[in-house]
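Its first residue numbered 0, the sequence shown is counted upward by one per residue in numbering that gives the first Met the number 0.
Scroll down for the structure; my scribbles are underneath it.
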Amino acid sequence: MTLPTFQPGDDPGPSFAGLLKHLGNQPDYSAASGDPAEIAHGTTVVASRFSGGVVIAGDRRATAGNLISHRTMNKVFPADRWSGVAVAGAAGPAMEMVKMFQLQLEHYEKVEGRPLSLEGKANQLSQMVRGHLPAAMQGMIVVPLFAGFDRRRGHGRLFAYDVTGGRYEEEDYVASGSGSLFARTVIKLGHRETNTRDEAIDLMIRALFTAADDDSATGGPDSMRGIYPIVAVITAEGYAELPEAEVAERFERVLAEFAGREDA
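Structural data, given as structure tokens:
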């Protein structure tokens, strides 16, 4: 395979999207079509800061109109070692956006010899969401969350987006998707700046459980099938996804807690 060469004024540098454009392989969303009711959509994702970093989580259900199209969809991904991205919205474009984002960060690090700053990563994702706008205008909306540990500042940071690519940094917590209103309310009541890692994880689990209880598009814990939300923690040590057994155990405690309230 022959590597591409560039003239000095035509070099895309560390931009992977620029490289694809130069090679004629840039994704084109302008011709996106289809009935939005038949497109699989991811639903609820949440993130919250705690004293040592951030927790990011998402349910597993994808819906197509009033049907459950997937029960085990993964909506939470590592972007690189110290950051993660969660997606809500049209599933196909969301997965493609995540893969492009991961490749962009890896490409930048290989070309520049150092990782992009957390602020730069958030800006790169904003550009990708903005490039998806033609498809979003046709109903294939993708609204991601971005979270990471800023090694320069020594703490976790959260970023939310709108369909036009607008990027907004959130101080404490953020939620996106169809169940975000219910999840955000739970997080708002339970968030403290002094929350520990375990407290932040349990808060995300309660938020997703409440969202699933009130929003039919959000999938709750399914012990019969062994399906539980994806939960990841990002600290100075990097991105780490919680084992499924630990998430299941934590959900069992939450279920017992809610059952006790109803019996009281």
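The beta carbon of each residue, even a glycine, is placed where N, CA and C say it ideally should be.
Cα-Cα separation, residue i to residue j
i: GLY83; j: PHE145; result: 6 Å
i: MET266; j: GLY41; result: An answer regarding residue 266 cannot be provided, because it is not within the stretch 0 to 263 covered by the chain.
i: ALA247; j: GLY155; result: 25 Å
i: GLY219; j: ARG60; result: 8 Å
i: GLU118; j: GLU168; result: 10 Å
i: SER29; j: THR62; result: Per-residue confidence for SER29 stands at a pLDDT of 48, beneath the threshold of 50, marking its modelled position as unreliable; no derived number is given.
i: ASP149; j: GLY237; result: 10 Å
i: ALA31; j: ARG70; result: Low confidence applies here, because ALA31 scores a pLDDT of 48, under 50, leaving its location unreliable and the question unanswered by this model.
i: ASP221; j: GLN101; result: 30 Å
i: GLY138; j: ARG80; result: 32 Å
i: LYS187; j: VAL142; result: 21 Å
i: ARG205; j: PHE76; result: 21 Å
Bridge partner(s) assigned by DSSP for residue i
i: PRO143; result: VAL86
i: ARG48; result: VAL53
i: ARG156; result: GLY147
i: VAL66; result: Note that residue 66 corresponds to Leu in the displayed sequence, not to Val. Its beta-bridge partners are ALA63.
i: VAL230; result: ALA56
i: PRO77; result: GLY83
i: HIS40; result: THR62 and ALA89
i: TYR107; result: In DSSP, TYR107 forms no bridge with anything.
Chain-order list of residues whose beta-carbon lies under 7 Å from that of residue i (same chain, five-residue window excluded)
i: ALA121; result: PHE145, PHE158 and ARG166
i: ARG196; result: PHE49, GLY51 and VAL232
8 Å CB neighbourhood of residue i in its chain, flanking five on each side removed
i: ASN129; result: What sits at residue 129 in the sequence shown is Arg, not Asn. The answer, listed in chain order, is THR163 and GLY164.
Neighbourhood of residue i by C-beta distance below 6 Å, restricted to the same chain and skipping five residues each side
i: ASP171; result: ARG48 and HIS190
Which runs of the beta strand (DSSP E) spanning at least 3 residues fall entirely within the stretch 163-189, listed in chain order? 166-169 and 172-175
Could you say if the stretch 93-106 and the stretch 223-241 meet the contact criterion of at least three C-beta pairs nearer than 8 Å? no
Inter-stretch contact at 8 Å, needing at least 3 Cβ pairs: the stretch 185-194 / the stretch 48-59: yes
For the stretch 125-136 and the stretch 54-63, state whether three or more C-beta atom pairs, one from each stretch, are separated by less than 8 Å. no
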